[in-house]
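A quick write-up on the structure given underneath.
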């Protein structure tokens with residue numbers, strides 16, 4: 005089962021932040037692959053959603069970047085800035101609360 | 077793993093650019109991403125082109141630049157599109173207003189200055205700043221941002237400076253000069269040395285820099301040199317001084333022919349006109365050179381009368397010279413009526429095409445302080461001569 009992009013959209017920033025918290029530095033393709041691997045292909049982040057979010061997070065000062073030149077290619081690695089680390093904790097807490105609330109709201113009984 | 081050649085990498089980068097992605101950062105991110113996918117998923121002897129086309133197609137819904145638009149809207153603000161619209165519409169309307177204003181100006185029709193003011197204000201205070209805000213986010217290095225900022229600032233100062241000059245408003249020269257200074261002293265060096273380092277932009281940078289220097293040079297050539305301004309001021313002030321001397325000579329001559337009859341209507345009006353002309357002149361001189369009389373050695377003390385257009389009415393009700401000016405106008409009307417009376421052969425005081433008419437018709441751009449001074453002196457000389465002619469009969 006592949007989740008709808010609407011469901012993923014609201015959590016994309018949280019996903020990216022958490023992955024970077026666990027993996028120090030990553031580049032775009034690596035992030036998409038990691039998400040696929042961790043979710044058993046059930047969540048596939050599209051390029052059209054990933055890069056805008058990465059640029060926005062960088063712009064907010066949550067990510068720092070370093071570039072690596074591979075011949076004619078430029079690979080941009082993303083990692084968390086100090087404020088990004090704080091933000092990641094906030095986002096994760098928020099999302100946990102959100103899931104708990106949704107469980108109550110939608111009356112989902114976990115086994 | 078498929079081995080990508082440099083040529084293929086170039087091809088992909090050019091294709092990303094051709095599909096409308098302008099942000100360099102995003103271009104390289106996408107390039108690396110596609111390269112990774114191809115290397116990981118295409119067999120060693122696979123069909124590069126077909127696989128590439130399939131891959132890139134999966135990146136977007138309609139066009140690739142959707143990604144960039146999404147990026148910009150996330151980065152800048154939710155109202156990115158509104159801003160873009162405002163920028164476009166303000167740009168179009170200011171261009172239209174300026175063109176219409178210029179046509180009206182050359183046809184000497186009303187509304188020209190209103191349109192020019194509106195058009196230039198719109199372009200320099202809304203269009204240019206909007207353009208700057210929208211473009212600055214797309215630039216990566218702080219050097220590029222600085223170049224963009226300096227260019228915008230200079231363009232704003234230049235267009236406002238020219239507008240102020242045309243409208244005879246203050247600070248026009250300062251605005252114009254500072255725009256050229258920003259352009260030549262700050263913008264050009266940064267732009268030039270950034271541009272020539274990159275082999276791709278080297279030739280373009282050199283050509284644009286030269287065009288810029290020539291343009292600034294031509295602009296500066298339009299400006300009168302300080303020495304030229306000074307000579308003109310000296311000439312005009314000398315001119316007034318000479319006229320004033322002739323008037324004083326006439327006053328001395330008058331002693332010889334005026335004996336009695338001081339109570340006649342003509343004499344009363346002559347004295348009134350002469351006195352009010354003199355007080356208005358003193359008022360203007362006070363403003364211009366800080367004393368009510370122009371000294372013969374004005375050049376030594378650097379006291380000059382400016383020749384610039386006024387652009388406003390100098391004798392409105394809040395002006396100290398208001399009363400004198402009203403009295404003078406009334407006296408001139410009475411004088412001219414008297415001049416038409418039979419038995420008295422007087423030359424009437426002409427107000428046509430003088431500052432009196434121009435002020436009446438609000439043609440303030442035709443009025444200068446120097447003109448007022450000279451025209452008042454002419455009126456004084458005329459009434460004195462009329463008095464002399466009366467006596468001579």
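Protein chains in written order, with the numbering used here: chain A, 5 to 115; chain B, 77 to 469. The beta-carbon is built from N, C-alpha and C at its ideal position, and this holds for glycine as well.
Can you have a look at residue i and say buried or exposed, based on whether 16 or more other CB atoms are within 10 angstroms of its CB?
i              : result
residue 35(A)  : buried
residue 237(B) : buried
residue 70(A)  : exposed
residue 214(B) : buried
residue 411(B) : buried
residue 397(B) : buried
residue 56(A)  : buried
residue 32(A)  : buried
residue 294(B) : exposed
residue 139(B) : exposed
residue 26(A)  : exposed
residue 279(B) : exposed
residue 233(B) : buried
residue 120(B) : exposed
residue 263(B) : buried
residue 366(B) : exposed
residue 93(A)  : exposed
residue 73(A)  : exposed
residue 460(B) : buried
residue 269(B) : exposed
residue 218(B) : exposed
residue 111(A) : exposed
residue 101(B) : buried
residue 182(B) : exposed
In the DSSP assignment, the alpha helix (DSSP H) including residue i goes from what residue to what residue?
i              : result
residue 355(B) : 341–365
residue 30(A)  : Not the alpha helix (DSSP H): residue 30(A) falls in the beta strand (DSSP E), residues 29–31.
residue 267(B) : 264–271
residue 297(B) : 278–297
residue 189(B) : 188–197
residue 78(B)  : Here residue 78(B) belongs to no alpha helix (DSSP H), and DSSP marks it neither H nor E.
residue 232(B) : 218–242
residue 257(B) : 248–257
residue 114(B) : 100–117
residue 301(B) : Residue 301(B) -> no alpha helix (DSSP H), and no H or E assigned at all.
residue 433(B) : 431–436
residue 147(B) : 142–151
residue 374(B) : 374–377
residue 57(B)  : Because chain B is modelled from 77 through 469, residue 57(B) falls outside the range shown and cannot be assessed.
Provide the residue span of the beta strand (DSSP E) that contains residue i, from first to last.
i             : result
residue 74(A) : 67–74
residue 79(A) : 77–84
Secondary structure at residue i, three-state DSSP: helix, strand or coil?
i              : result
residue 137(B) : coil
residue 57(A)  : helix
residue 50(A)  : coil
residue 385(B) : strand
residue 15(A)  : coil
residue 43(A)  : coil
residue 444(B) : strand
residue 126(B) : helix
residue 8(A)   : coil
residue 185(B) : coil
residue 421(B) : coil
residue 171(B) : helix
residue 213(B) : coil
residue 96(A)  : helix
residue 380(B) : coil
residue 111(A) : coil
Does residue i come within less than 8 Å of chain E when only Cβ atoms are used?
i             : result
residue 55(A) : You won't find chain E in this structure, because its protein chains are A and B.
For this session: Count the C-beta pairs between the stretch 193–207 of chain B and the stretch 157–175 of chain B that are closer than 8 Å, then say yes if the count reaches three, no if not.
Result: yes
Exercise. When Cβ atoms are compared, which residues of the stretch 76–96 of chain A fall closer than 8 Å to chain B?
Worked result: 76, 77, 78, 79 and 80
For this session: Tell me, please, whether the stretch 381–392 of chain B touches the stretch 244–251 of chain B by the rule of three or more beta-carbon pairs shorter than 8 Å.
Result: yes
For this session: Say whether the stretch 105–118 of chain B touches the stretch 86–93 of chain B, bearing in mind that this needs 3 or more beta-carbon pairs closer than 8 Å, one atom from each stretch.
Result: yes
Problem set entry | Residues of the stretch 18–49 of chain A with Cβ closer than 7 Å to any Cβ of chain B, in chain order | 31, 32 and 33
Problem set entry | Residues, ordered as in the chain, of the stretch 120–146 of chain B that lie near chain A by beta-carbon distance below 7 Å | 135, 136, 142, 143 and 146
For this session: Taking 8 Å as the threshold, find out whether the stretch 13–33 of chain A comes into contact with the stretch 59–79 of chain A through three or more Cβ pairs.
Result: yes
Exercise. Is the number of C-beta pairs between the stretch 76–86 of chain A and the stretch 127–143 of chain B that are closer than 8 Å three or more?
Worked result: no
Problem set entry | Any 3 or more C-beta pairs closer than 8 Å across the stretch 254–274 of chain B and the stretch 313–325 of chain B | no
For this session: Quick one: which residues of the stretch 104–116 of chain B get their C-beta closer than 9 Å to a C-beta of chain A? List them in chain order.
Result: 104, 105, 106, 107, 108, 109, 110, 111, 112, 113 and 116
Exercise. So, do the stretch 27–45 of chain A and the stretch 135–148 of chain B have three or more beta carbon pairs nearer to each other than 8 Å?
Worked result: no
Exercise. What residues from the stretch 207–218 of chain B come within 9 Å of chain A, judged by C-beta to C-beta, listed N to C?
Worked result: 213
Exercise. Along the stretch 304–319 of chain B, what residues have a CB closer than 9 Å to any CB found in chain A?
Worked result: none
For this session: Determine which residues of the stretch 78–89 of chain B have a Cβ less than 8 Å from any Cβ of chain A, and write them out in chain order.
Result: 82, 85, 86 and 89
Problem set entry | Validate contact between the stretch 447–455 of chain B and the stretch 355–363 of chain B using beta carbons, cut 8 Å, 3 pairs | yes
Problem set entry | Residues of the stretch 149–182 of chain B whose Cβ lies closer than 7 Å to any Cβ of chain A, in chain order | 150 and 151
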